[in-house]
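The structure under discussion appears below in the form of structure tokens.
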Amino acid sequence: MRTVFLLFDSLNRHMLEPYGGKALATPNFARLAARSATFDKHYVGSMPCMPARRDILTGRLGFMHRSWGPVEPFDICFTEVLQKAKGTYSHLATDHFHYWEDGGATYHNRYDSYDLIRGQEGDRWVAEVSPDFDTLRTKYHPAQFSEKPRSYPRAHMLNRKRIAAEDEFPSYQTVQAGLEFIETNRDTDNWFLQIECFDPHEPFHAPDRFKAEFDSGWDGPIRDWPPYGHGRGDTVEDRELRANYLASIAHCDALLGQVLDAFDTHDLWQDTALVVTTDHGFLLGEHDFWAKNRMNLYEELAHIPLFLHDPRFPTPGARVDALTQTPDLCATFLDLHDGPRPESVQGRSLVPMLQGAPGHDAVMFGFFGGAANVTDGRYTYFRFPEDLMQQELFQYTLMPTHIFDFFAEDELTEAELSPPMPFSRNMPLLKVPVRPSSAMFNTYGPGCLMETKTVLYDLQTDPGQTKPLHDPAAEARMIRLLGARMSAVSAPAEAFRRFDLTEPECVS
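Using the working numbering, you'd call the opening residue of the sequence shown number 284 and step up by one each time.
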């Protein structure tokens with residue numbers, strides 16, 4: 284078996300034609316859907332970017348114990364399981380620059396080889412000591428201009444000076460690296476290729492030809508990096524941001540087309556699996572919010588696209604109604620390659636679902652330190668602690684780093700050694716209290732959340748999640764499902780206290 288896994292970042296399900304999207308044409312996603320199975324109830328797990336990738340590699344949810352951080356010494360990753368048990372060769376081609384940072388530096392080494400393409404967003408790539416800030420200030424909107432050393436906006440402006448022609452775009456080069464791997468190895472067997480594009484993640488920078496069809500009326504400086512937080516209404520600036528996002532999706536659609544062309548040219552459909560998905564969605568003004576990390580995990584963020592082609596069981600054009608989520612990808616890759624399944628893997632293989640096997644009865648998802656969210660495919664339930672700023676909250680880790688920094692001094696000086704947890708393979712853990720001084724607290728943790736009210740929605744009668752539902756019986760059922768999921772992932776005792784749940788009463 285050979286597998287190609289194409290992973291985009293921040294790709295909105297509802298924008299794609301196979302899911303009813305009408306904002307733009309996505310002919311290659313439609314082409315993909317015609318050759319594969321489209322999953323209609325696929326959800327995120329741990330949020331945001333690197334927590335989602337840890338879920339993919341390990342097959343289990345991590346957000347109850349840990350925020351953004353590296354793969355841990357006790358984590359069992361499917362790439363290493365397959366290499367040791369089956370000799371499966373794995374390769375990563377990516378421009379996802381978070382792999383260079385402290386909070387992602389252990390991920391790419393779980394593959395046999397890798398291409399790391401430079402230049403996306405805040406990647407500190409271009410070495411320029413004294414940039415011409417006067418010129419840059421005229422080119423970029425004030426909200427995305429910065430002279431601050433090591434800042435994402437500053438790095439992005441310098442990176443953009445090297446990215447003009449279409450073949451200079453990191454996402455384009457990422458797909459070319461993946462296609463080169465296919466060309467080199469198409470006559471061999473037993474490999475796994477992950478092509479991972481940072482696009483359409485912000486800033487929404489696409490080649491000019493993709494932007495040409497989306498005229499927003501904007502005549503100001505470059506504005507393609509949206510705010511995180513509440514919206515401002517439908518302004519020309521908002522329309523420009525949305526237009527740039529649509530252009531980025533159009534670019535992603537074209538890149539997908541290149542992968543599909545390779546499948547057609549070499550008839551890979553006969554012997555190569557193809558999986559296409561994303562880590563999470565993105566808000567562009569819906570619910571009066573932009574971006575992620577600040578608000579509830581609405582459907583636009585949590586309900587994500589997934590396509591699967593298994594050459595052993597072709598299901599062209601099929602729709603799968605089973606409820607699934609991100610950790611299921613790990614189990615699926617192990618299944619596709621007939622690899623052993625470690626006890627630590629809690630995801631379910633998607634392969635039997637192609638033949639009608641059931642999915643989950645419910646799935647849990649969320650940000651570390653925020654709400655615990657659960658859906659059964661009909662209802663979504665967001666349950667918050669009584670006080671986000673005062674909750675009893677600890678990280679359990681052997682790798683105390685955040686995105687781009689170590690844990691703060693007052694976090695580590697108060698850390699304790701905790702006995703092993705069921706997932707840590709007899710390894711004791713650092714139990715680190717979360718403090719407002721933590722680098723994650725106000726970036727992707729409790730301090731940045733702008734919605735904190737427990738709420739229930741009925742997706743059948745209210746798919747837009749605009750009318751919170753008061754239904755004590757339905758809420759009680761969702762609480763039981765949530766508690767059962769928390770127990771299944773060995774959520775620490777204080778997590779049940781935070782959410783005012785009693786563990787024995789919750790297990791169904």
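All C-beta atoms, glycine included, are put in the ideal place defined by N, C-alpha and C.
Can you name, in chain order, every residue of its own chain whose Cβ lies under 6 Å from the Cβ of residue i, other than the five neighbours on each side?
i	result
alanine 614	Gly342, Val628, Gly630, Arg631 and Ser632
proline 453	Asp378, Ile400, Gly402 and Gln403
leucine 612	Ile339
aspartate 358	Thr341
glycine 649	Phe346, Ala655 and Asn656
DSSP on residue i, reduced to helix/strand/coil?
i	result
glutamine 674	coil
aspartate 358	coil
leucine 764	helix
tryptophan 573	strand
serine 454	helix
histidine 592	strand
lysine 422	helix
valine 657	strand
isoleucine 479	First, the residue type needs correcting, since residue 479 is glutamate and not isoleucine in the sequence shown. In the structure shown, glutamate 479 sits in a strand (DSSP, three-state: E or B).
methionine 647	strand
alanine 605	strand
cysteine 789	Residue placement at cysteine 789 is poorly supported in this model, since its pLDDT is 46, which falls under 50; the coordinates still yield a value, given next. Three-state result, cysteine 789: helix.
arginine 445	coil
aspartate 547	helix
phenylalanine 782	coil
methionine 682	coil
arginine 285	strand
tyrosine 581	coil
Can you tell me the Cα-Cα spacing of residue i and residue j, whole angstroms?
i	j	result
leucine 289	glycine 600	19 Å
leucine 765	aspartate 378	35 Å
valine 657	leucine 606	12 Å
methionine 710	proline 356	9 Å
tryptophan 474	arginine 318	21 Å
lysine 324	alanine 495	33 Å
arginine 492	methionine 647	40 Å
valine 327	proline 610	8 Å
arginine 433	glycine 730	23 Å
threonine 518	asparagine 576	23 Å
glutamine 748	methionine 330	20 Å
leucine 307	glutamate 300	8 Å
leucine 784	isoleucine 686	31 Å
valine 603	alanine 316	11 Å
alanine 410	arginine 437	11 Å
arginine 522	threonine 286	38 Å
isoleucine 532	serine 770	38 Å
leucine 557	valine 364	20 Å
alanine 574	threonine 561	15 Å
aspartate 415	phenylalanine 487	23 Å
lysine 714	tyrosine 435	30 Å
methionine 733	lysine 305	30 Å
aspartate 395	tyrosine 382	15 Å
leucine 752	histidine 643	23 Å
proline 746	phenylalanine 291	24 Å
Which residues in the same chain as residue i place their Cβ atom closer than 8 Å to its Cβ, once the five residues preceding and following it in sequence are excluded?
i	result
proline 597	Trp552
aspartate 786	One point to set straight first is that residue 786 is glutamate, not aspartate, in the sequence displayed. Excluding positions up to five away in sequence, the list reads Gly766, Met769, Ser770, Ala776 and Phe779.
Closest by CA to residue i, which one among the options?
i	options	result
histidine 563	Glu582, Ala460, Met723 and Arg577	Glu582
proline 702	Tyr679, Pro719, Val717 and Ser720	Tyr679
threonine 467	Pro436, Thr309 and Ala545	Ala545
glutamate 520	Pro719, Asp498 and Gly540	Asp498
arginine 407	Leu419, His374, Val458 and Lys431	Lys431
arginine 525	Gly500, Gln541 and Asp547	Gly500
glycine 386	Leu752, Thr371, Asp688 and Thr421	Asp688
proline 641	Arg624, Met578 and Gly660	Gly660
tyrosine 390	Thr421, Arg336 and His348	Arg336
aspartate 507	Leu476, Tyr423, Ala585 and His586	Tyr423
methionine 284	Asn442, Phe667, Met672 and Lys369	Lys369
methionine 398	Leu617, Phe590, Gly461 and Glu697	First, the residue type needs correcting, since residue 398 is aspartate and not methionine in the sequence shown. The option with the nearest alpha carbon to aspartate 398 is Gly461.
Please report whether the beta-carbon of residue i lies at a distance below 8 Å from any beta-carbon of chain D.
i	result
proline 641	Protein chain content of the structure displayed is limited to a single chain, and chain D is not contained in it.
Looking at residue i and the ligand NAP, is the gap between the Cβ and the nearest heavy atom below 7 Å?
i	result
glycine 564	The ligand NAP is absent from the structure shown, which contains no ligands of any kind.
Tell me which same chain residues have a C-beta within less than 7 Å of the C-beta of residue i, skipping the five on either side of it?
i	result
asparagine 295	Gly564, Phe565 and Glu583
arginine 768	Ala645, Met647 and Val657
leucine 419	Phe428 and Met440
glutamate 675	Glu777, Arg780 and Arg781
aspartate 593	Ala556, Leu619, Val634 and Leu637
asparagine 442	Gly402, Asp406, Trp408 and Val409
valine 790	Because the pLDDT at valine 790 is just 44, under 50, the model does not fix this residue reliably, and the value given afterwards should be weighed accordingly. Within the same chain, valine 790 has close Cβ partners Gly766, Ala767 and Ser770.
glutamate 699	Lys714
serine 773	Met704, Pro705 and Phe706
threonine 737	Phe665, Arg666 and Phe667
Inside the stretch 686-739 only - beta strand (DSSP E) runs reaching at least 3 residues: 699-701 and 712-716
In chain order, each alpha helix (DSSP H) run of at least 4 residues that lies wholly inside the stretch 455-519: 491-494
Runs of alpha helix (DSSP H) wholly within the stretch 368-409 (minimum 4 residues, chain order): none
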